[in-house]
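Numbering (the numbering used here), first residue to last: 17 to 142.
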């Protein structure tokens, strides 16, 4: 009878980046965030810290603001008149809400996967 060697094939898990003090660092930090659809105050004084290399789930009933919060991370609301965000949303050390921020660079760093597929009117090459 011969011996069988089995390798798990599971890659090592990388630890999250750490601060100088050895603590995991924040990737996204939300401070006193308010969001408005016209006069409707949809998100009120949101404070949240998302750590690097961690999985975070937003759960809640329909209409509670999950998608609104996620769309703020890459400024999708800029496409719709009357919508505005106030407060601070830091991605690493850059404020996503800075009006001078290059949105193309931001959106290259912050992706979105939507529930419903969105076909584009062009090829991938274009």
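Ideal Cβ positions, reconstructed from N, Cα and C, are used throughout, including at glycine.
Nothing here was measured: the structure is a model prediction, and the numbers come from that model.
If the criterion is Cβ atoms closer than 8 Å, does the pair residue i and residue j meet it?
i: residue 51; j: residue 101; result: yes
i: residue 84; j: residue 59; result: yes
i: residue 86; j: residue 128; result: yes
Run through the DSSP bridge pairs and tell me what residue i is partnered with.
i: residue 101; result: 51
i: residue 106; result: 45, 111
Grab me the residues of residue i's own chain with a C-beta within less than 8 Å of its C-beta, minus the 5 sequence neighbours each way, in chain order.
i: residue 28; result: The predicted model places residue 28 with a pLDDT of 41, which falls under 50 and marks its position as unreliable; any figure quoted below should be read in that light. Excluding residues within five positions, none has a Cβ falling inside 8 Å.
i: residue 111; result: 104, 105, 117
For residue i, collect the residues of the same chain with a Cβ closer than 6 Å to its Cβ; drop the 5 residues on either side in sequence, then sort them by chain order.
i: residue 97; result: none
i: residue 99; result: 53, 93
i: residue 62; result: 46, 49
For residue i, which of the options has the nearest alpha-carbon?
i: residue 82; options: 64, 95, 70; result: 64
i: residue 114; options: 90, 130, 131, 74; result: 90
i: residue 57; options: 108, 80, 119, 95; result: 80
Looking at the secondary structure, which residues open and close the beta strand (DSSP E) in which residue i lies?
i: residue 61; result: 56-67
Which residues in the same chain have their Cβ closer than 7 Å to the Cβ of residue i, if we skip the five residues on either side of it in sequence?
i: residue 72; result: 66
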